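Comments concern the structure below.
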Amino acid sequence: MQDQVYRVPKVELHSHLEGTIKPSLAQAIAKRNAVSLDKNLFLANGSYAWSDFPSFLTAYDNVSSCLRSGKDYADITYEYLKDCAKDNVVYAETFISPDHAAECGISYDDMISGITNGINDAERDFGIIGRIIVTCVRHLGPKQGFNVVQTMVQNPHPYVVGFGMGGDENAYTLEEFAEVYKIAEKAGYSCTVHAGEICGPESVWDAINYLPVSRIGHGVNCINDEKLMNKLVEQNIHLEICPGSNLSLSIFSDWDTHPLPSIMEKGISISLNSDDPPFFNTTVGQEYYDSAKHFNLDIEKLKQISLMAMEASFADSEIKSRLLEEIQKFKS
Ligand code: ADE
Ligand code: ZN
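Set out below in structure tokens:
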């Protein structure tokens, strides 16, 4: 079974680049940059220490603090895509946060050119295609979001294919970010937003009512709102689902209570994603494997998930049609 799942071509739409840094890599980068990482960041066994959503966000900020240069971004991008390629991921979009780079004194240009080098090297070495979604941080507020989106549209790059937002879903309202998203939309960027992860269905309603999004990060808390689920189908809004992250963050207590099967049954377009792999002890391949096992998904279903993901990706039409064809050709 593991072998069969491995062979399915996979697509990742929801990972946070800074959240893909493994503890060993964070320590190596911190060492070469002479940065001392917060000593509370690691458990005795070397994994990241956090206990709930707020402490996870703090740990995430602390990991990011090891970065100092474009080369660091190149290395973390290459390592992340290398791991994805090991799981037979053919296409990966990753969220990047210019606010975290700025906090480390790294310019937008240096960050983008470093990530671009990592993407190019990974494509050359493993054949995987990587693309970038620029994100702002919700709890830093709409003014800062405005700065991020302006920087993105004033410095276009062919690998930057979309705009999004992560961070604390309880901070500010999505309505307050409407103008920020409008700038991205007007400049031709596809959009996504974290909603319905920590907060309930009202958060997903706000996303579709106020923001020009074709995808929602998580969105799993749409589950008790039949009208909302119908709306997601009707408007073809894709949910970037991260089951392992949801369980680690105790959004749901176990696999039996995770709503993925009901969401799929409803006909909502979904993908399976790792979110922040080392924090949640996962990878995209692990998400496919665990979902197959716990939700009884056969190989054909996993292939359909990859097709839905590729269809919902922000890739240009040439890459999209080529990879859709490649996934379609896969025979179990
Ligand atoms: N940033 C990194 N991971 C996140 C998550 N799961 N939710 C919101 N913001 C994040
Ligand atoms: Zn996320």
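Position in the sequence shown (first residue = 1) + 5 = our numbering.
Using N, Cα and C, we set each Cβ at its ideal position, and we do this for glycine too.
Everything numeric in this text was worked out from a predicted model, so none of it was measured.
For the putative contact between residue i and residue j, defined by C-beta atoms under 8 Å, what is the C-beta separation to the nearest angstrom?
i	j	result
residue 72	residue 106	7 Å
residue 201	residue 226	4 Å
residue 289	residue 92	5 Å
residue 281	residue 250	7 Å
residue 342	residue 127	Beyond the ends of the chain as shown, which are 6 and 337, falls residue 342; an answer cannot be given.
residue 25	residue 85	4 Å
residue 60	residue 23	The Cβ separation is near 16 Å, so there is no contact.
residue 165	residue 139	6 Å
residue 313	residue 274	5 Å
residue 174	residue 204	5 Å
Quick check on residue i: does DSSP put it in helix, strand or coil?
i	result
residue 29	helix
residue 135	strand
residue 177	coil
residue 335	coil
residue 90	helix
residue 257	coil
residue 99	strand
residue 205	coil
residue 238	helix
residue 116	helix
residue 284	coil
residue 319	coil
residue 169	strand
residue 267	helix
residue 11	helix
residue 20	strand
residue 109	coil
residue 53	strand
Residue i: buried (16+ other C-beta within 10 angstroms of its C-beta) or exposed?
i	result
residue 211	buried
residue 238	exposed
residue 303	exposed
residue 6	exposed
residue 48	exposed
residue 320	buried
residue 266	exposed
residue 88	buried
residue 35	buried
residue 39	exposed
residue 176	exposed
residue 171	buried
residue 136	buried
residue 214	exposed
residue 67	buried
residue 132	exposed
residue 283	buried
Which first and last residues belong to the alpha helix (DSSP H) in which residue i is found?
i	result
residue 222	Where residue 222 is concerned, there is no enclosing alpha helix (DSSP H), although the beta strand (DSSP E) it sits in stretches over 220-223.
residue 15	Not the alpha helix (DSSP H): residue 15 falls in the beta strand (DSSP E), residues 15-17.
residue 61	58-69
residue 243	Not the alpha helix (DSSP H): residue 243 falls in the beta strand (DSSP E), residues 243-246.
residue 6	No alpha helix (DSSP H) holds residue 6; DSSP gives it neither H nor E.
residue 295	289-300
residue 188	183-191
I'd like the span of the beta strand (DSSP E) that includes residue i, first residue to last.
i	result
residue 196	195-200
residue 150	Counting along the chain, residue 150 falls outside any beta strand (DSSP E), though it belongs to the alpha helix (DSSP H) covering 146-159.
residue 274	Here residue 274 belongs to no beta strand (DSSP E), and DSSP marks it neither H nor E.
Heavy atom of ligand 4 less than 6 Å from the Cβ of residue i, yes or no?
i	result
residue 201	For ligand 4, the structure offers nothing, since it holds only ligand 1 and ligand 2.
request  = Examine the Cβ distances between the stretch 44-59 and the stretch 77-86 and report whether three or more of them are shorter than 8 Å.
outcome  = Short answer: they don't touch.
key: Sufficient close CB pairs (3 or more, under 8 Å) joining the stretch 245-261 to the stretch 209-223   = Here the stretch 245-261 lies against the stretch 209-223, with 3 or more beta-carbon pairs under 8 Å apart.
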